[in-house]
Amino acid sequence: MLHIFILSIDGEVVAGWIDSNQDFLFNHSMAIFGSKPVMSSSSKSYIKLSWVRHIRDTQPLDTWDSVQLYVRCHILCLLGTTLFTDKSTSCAHARYLPLLQNFEQIGTYSWGSATLAHLYRSLCRALRYDCKEMDGPLDLLFVWELEQIPFLAPIPRHQLAPAKISVARRWSNRPRYNAWTSRKAASVRHDIDYMKEFMFRPYLGIIIPAELHHHLDVCDTVGPLVLFECVEWHPVDRVIR
């Protein structure tokens with residue numbers, strides 16, 4: 000998480016009081032955005048991100064308060080579209096609003112471990128026989144996949160710049176070969192079934208940037224990953240030898 004997305008993996012748990020009451024959403028929205036929220040038509044616990052983006056993009060950024068509001072809006076958009084997404088990606092849950100109210104405390108939460116918890120839960124749901132779509136932080140899954148399963152990558156990895164912080168940046172806005180864009184799902188499934196390039200010891204010999212060394216003790220922690228009611232186990236002892 001830290002290497003791919005630059006998200007903190009230690010800190011306060013991403014959790015808190017969840018209230019489906021409309022007053023909860025209204026009061027926190029007024030405290031953060033200074034206006035009445037535009038809610039999802041399907042659920043009164045979700046805020047429309049188009050409304051949040053409008054507030055963000057109309058900030059003059061000429062005072063510290065307007066800068067803080069811009070940052071809060073941008074973070075909420077990231078939570079709703081990249082980290083803790085549902086299948087629509089058009090709304091964000093109101094439960095994150097209290098975590099954004101104290102500007103100085105936003106960076107103290109363990110957003111990385113919470114994102115990983117959401118991914119694990121999404122992968123579990125995707126395995127159900129009646130599941131047709133998957134939500135969650137799929138960009139995280141895609142970047143890990145492109146790094147560890149080379150034949151799935153849209154461009155040979157050796158043509159990219161060395162992986163730094165964040166690893167995800169070197170895969171953004173890259174050209175894609177025509178042969179890759181025209182691949183069919185059946186071809187990809189066949190290659191996965193018979194793949195020989197998968198790195199079963201993917202982190203062997205990996206170079207950890209010096210900026211991340213003080214986080215290494217946390218990376219191999221065996222324990223729960225928490226995102227509100229979502230609690231998933233972090234079983235790194237299964238792969239550490």
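For what it's worth, numbering that gives the first Met the number 0 labels the leading residue of the sequence shown as 0, then goes sequentially. Yeah, the Cβ is synthetic: ideal placement off N, Cα and C, and Gly gets one too.
Whole-angstrom distance between residue j and residue i, CA atom to CA atom
i: P234; j: D219; result: 9 Å
i: L262; j: L137; result: Residue 262 lies beyond the residue range present for the chain, which begins at 0 and ends at 240; the question has no answer from this structure.
i: L159; j: V225; result: 34 Å
i: L78; j: A14; result: 14 Å
i: Q58; j: K43; result: 26 Å
i: Y128; j: F102; result: 42 Å
i: Y95; j: L151; result: 34 Å
i: V142; j: P155; result: 14 Å
i: I191; j: D64; result: 51 Å
i: L75; j: I148; result: 32 Å
i: I105; j: H92; result: 16 Å
i: Q21; j: K47; result: 14 Å
i: S40; j: K86; result: 15 Å
i: P153; j: R124; result: 27 Å
i: E144; j: H214; result: 23 Å
i: C229; j: E11; result: 15 Å
i: M0; j: L140; result: 10 Å
i: V2; j: V166; result: Val is not the amino acid found at residue 2; the sequence shown has His there. When rounded, the distance between both Cα atoms is 6 Å.
i: L45; j: I54; result: The residue asked about is misnamed: residue 45 is Tyr in this sequence, not Leu. Distance between the alpha carbons of Y45 and I54 is about 16 Å.
Opposing strand residues paired with residue i [DSSP bridges]
i: P155; result: Paired residues: none, contrary to the question.
i: M133; result: Answer is none; M133 lacks a bridge partner.
i: A91; result: I46
i: L126; result: The partner list for L126 (beta bridge, DSSP) is empty, contrary to what the question assumes.
i: M38; result: I46
i: Y193; result: Bridge partners of Y193: none, in fact.
i: Y119; result: Its beta-bridge partners do not exist; DSSP assigns none.
i: H2; result: According to DSSP, which records beta bridges pairwise, H2 is partnered with nothing at all.
i: H233; result: G222
DSSP three-state assignment for residue i, whether helix, strand or coil
i: V66; result: helix
i: P208; result: coil
i: E228; result: coil
i: P223; result: strand
i: V12; result: coil
Contacting residues, own chain, Cβ-Cβ under 7 Å from residue i (five flanking each side not counted)
i: V221; result: H233, P234, V235 and D236
i: V66; result: L60
Cutoff 6 Å; reference residue i; Cβ partners in own chain excluding five residues on either side
i: I207; result: none
i: I17; result: R94
Sequence-distant residues of the same chain with beta carbon closer than 8 Å to residue i, five excluded per side
i: Q100; result: H27, A30 and I31
i: W50; result: P36 and V37
i: K97; result: According to the sequence as given, residue 97 is Pro; it is not Lys. Once the five neighbours on either side are set aside, the close Cβ partners of P97 are G15, W16 and H27.
The ligand COA heavy atom lying under 8 Å from the CB of residue i
i: H212; result: Summarising the ligand content, the structure contains no ligands, and the ligand COA is consequently not present.
- Query: Does the segment 18-30 come close enough to the segment 178-194 to have 3 or more Cβ pairs within less than 8 Å?
  - Reply: No, the segment 18-30 is not in contact with the segment 178-194.
Quiz item: Counting pairs of beta carbons, one from the segment 31-43 and one from the segment 132-150, are three or more of them closer than 8 Å?
Solution: The answer is no - the segment 132-150 does not touch the segment 31-43, with fewer than three Cβ pairs under 8 Å.
Exercise for review: Determine, using beta-carbon pairs with one atom in the segment 103-117 and one in the segment 77-88, whether at least three such pairs fall under 8 Å.
Suggested key: By the Cβ criterion, the segment 103-117 is in contact with the segment 77-88, since at least three pairs of Cβ atoms, one from each stretch, lie closer than 8 Å.
* To do: Please determine if the segment 95-114 and the segment 3-12 are in contact, where contact requires at least 3 C-beta pairs separated by less than 8 Å.
  => Cβ pair count under 8 Å is three or more, so yes.
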